[in-house]
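In full-length UniProt numbering, the protein residues as written are 1 to 79.
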């Protein structure tokens with residue numbers, strides 16, 4: 001082997017590449033766990049969650065729900 005390779009043979013290089021692939025994969029996995037992707041969900045699910053958290057009162061919930069039902073009936077439903 002040439003001087004750039006040192007005493008490491010083919011097996012050493014394969015092992016080193018595999019080691020760094022594992023390290024990069026673990027880093028990507030850890031980052032994806034720290035910052036999970038949040039799905040948008042439907043407008044109705046968001047509205048239900050707001051009512052459950054107490055962000056809106058039941059009357060406001062009914063008004064918004066009627067508006068959403070009207071949009072869905074018109075074919076322009078929230079996406």
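Note that the Cβ used here is the ideal one computed from N, Cα and C, for glycine as well.
Keep in mind it's a predicted model, so treat the numbers as computed, not measured.
Should residue i go down as buried or exposed, given a rule of 16 or more other Cβ atoms within 10 Å for buried?
i          : result
residue 47 : buried
From the options, pick the residue whose C-alpha is nearest to that of residue i; which is it?
i          : options        : result
residue 66 : 54, 52, 56, 44 : 44
Ends of the alpha helix (DSSP H) at residue i?
i          : result
residue 17 : 10-34
residue 69 : 58-73
residue 48 : 43-53
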